[in-house]
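Be aware that the sequence shown starts at 1, since it is given in our numbering, and climbs by one per residue.
Glycine included, every Cβ here is placed at the ideal spot set by N, Cα and C.
None of these values were measured; they are calculated from a predicted model.
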Amino acid sequence: MTGGAGSAIGRDMTENPPFSPALLPAGFVDLLTPDARTQAQGVAALMDVFTSHGYDPVRPPLMEFEDTYLAGAGAALAEQGFRVMDPDTRRMMVLRPDITPQVARMAGTRLSGVPRPLRVSYAGECVVVAPIAAEESGRQIMQAGIELIGPDSPEADAEVMSIGAEALSRLGVKGVSFDLTMPSFIPALLEEANVAQAERPALLRALDRKDAAAVAEHGGALAATLIALLDASGAAEHAVARLMEISLPERAAAIVRRLVATVSALRERCPGLSLTVDPVEFRGWKYHTGVCVTLFALGRSEELGRGGRYRCNDNEPACGLTFRPDVLCRLIPAAPPRPRVYLATDCDHAQAAELRARGHATIGGFLSGAQAVDEARRLGCGFVLSGTGCVALS
């Protein structure tokens, strides 16, 4: 009896090691300096670009009532939201997995009387049930972006994308590619061609894999057109030229014309931008309805951001672009720290304030003389302010 109990206790202790206060739930991490500093400064730079173009900041709440958030654009994100119960109202709330549906809600309610075009920007944390990309493990993600609400034109699409290109340039992200898609195009084409519902899954899988042989097998009368669309993928100018040669039914043709016009408008704003088009891509876009864009950097598989055209809750046209600062800040050098100045107990506080105004970080000290110097070195300071004199440490 005793031996058996002892064995059971031993097994329990082996299987359940002591809890560590540093242990976090899967997908959540502590972000420390210099990474936290780099991200904070990166987000500030993005927001500065946004506001310089008239995109005023808004800050939606981290949580909303489930039935509010999941209305309209948020409905497509139902599986990505964590739910908790509000102890006061007993109503279910959702931790936002994406900020764009909240902006759509605000546009149709509290901002409904603001003159259009409405330009807003935002930055904040989101929480997703599952990582948004296969190569990532994070469930807490940072978003920063812009939404242009009201106009529905190629020029509006180009404005949002060109501001995104400027923001990436400000951060110093190199080798950026803007990949344009039309998620509504293939569904519209299959519907207009009267492709049977039972035949669509195999055809869509073939298009998703870019498998021309499978497209030929499952495409029926539409096979030649779909293969031509596969061949049209690539650099924007190549894609536009090939797309204009393909005969399409009217609804699908209108979607292509909008894409072509958007490419032209974006080229006027950003002549040197690396721009590609994939006319058969249809995955990953939950609430978007028109031309969409995904941002990548050369040699990286994760998305830097994504966006496109959608409809607000009251069916108002809108276009937005959302960045992933946590991804972006892995592609740029770490933000340097401010020069650190140790403040001896006899320092002149007016001089300390002037140093902070000039970009230094002052570290309040409790020592003076030789002890202050030793303490300054231990705390990573490069200077000591004693009285009004600021001395650099060798």
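Check, Outcome
"9 Å Cβ cutoff met for residue 222 and residue 259", "no"
"Reduced DSSP category for residue 182 - H, G, I as helix; E, B as strand; rest coil", "coil"
"Environment of residue 271 [buried if 16+ CB atoms lie within 10 Å]", "exposed"
"Where residue 282 falls, given that 16 or more other Cβ within 10 Å makes a residue buried", "buried"
"Inter-residue CB distance, residue 297 and residue 38 (contact presumed, cutoff 8 Å)", "The Cβ separation is near 16 Å, so there is no contact."
"8 Å contact criterion, which residue 226 and residue 215 should meet: CB distance rounded", "5 Å"
"When 191, 364, 337 are compared against residue 347, the one with the closest alpha-carbon", "364"
"Buried/exposed call for residue 399, threshold 16 Cβ in 10 Å", "Since the first residue shown for the chain is 1 and the last is 394, residue 399 is missing from the structure and cannot be characterised."
"Sub-9 Å separation of residue 290 and residue 157 beta-carbons", "yes"
"Reference residue 323, options 42, 24, 374, closest by Cα", "42"
"Residue from 355, 313, 303, 198 whose Cα sits closest to the Cα of residue 330", "303"
"Given residue 57 as reference, the closest of 378, 87, 26, 103 once Cα atoms are compared", "103"
"Euclidean distance between Cα positions of residue 13 and residue 20", "Unreliable positioning characterises residue 13 in this predicted model, as indicated by a pLDDT of 45, which lies under 50. A coordinate reading is not provided."
"Where residue 289 falls: helix, strand or coil (DSSP)", "strand"
"Cβ pair residue 165, residue 46 closer than 9 Å", "no"
"Cβ separation of residue 317 and residue 150, assumed to be a contact under 8 Å, to the nearest whole Å", "7 Å"
"Environment of residue 197 [buried if 16+ CB atoms lie within 10 Å]", "exposed"
"Residue range of the unbroken alpha helix (DSSP H) whose run includes residue 378", "369–378"
"The segment 108–119 / the segment 78–88 touching (three or more Cβ pairs under 8 Å)", "no"
"From 269, 263, 96, residue whose alpha carbon lies closest to that of residue 275", "263"
"Beta carbon of residue 208 nearer than 9 Å to that of residue 294", "no"
"Span of the alpha helix (DSSP H) around residue 161", "154–171"
"Counted within 10 angstroms of its Cβ, other Cβ atoms place residue 98 as buried (16 or more) or exposed", "buried"
"Within 9 Å, strictly: CB atoms of residue 142 and residue 93", "no"
"Secondary structure of residue 4, DSSP reduced to three states", "Any reading at residue 4 must be qualified, since the residue scores a pLDDT of 47, below 50, and its modelled position is unreliable; the value itself is stated next. It is helical."
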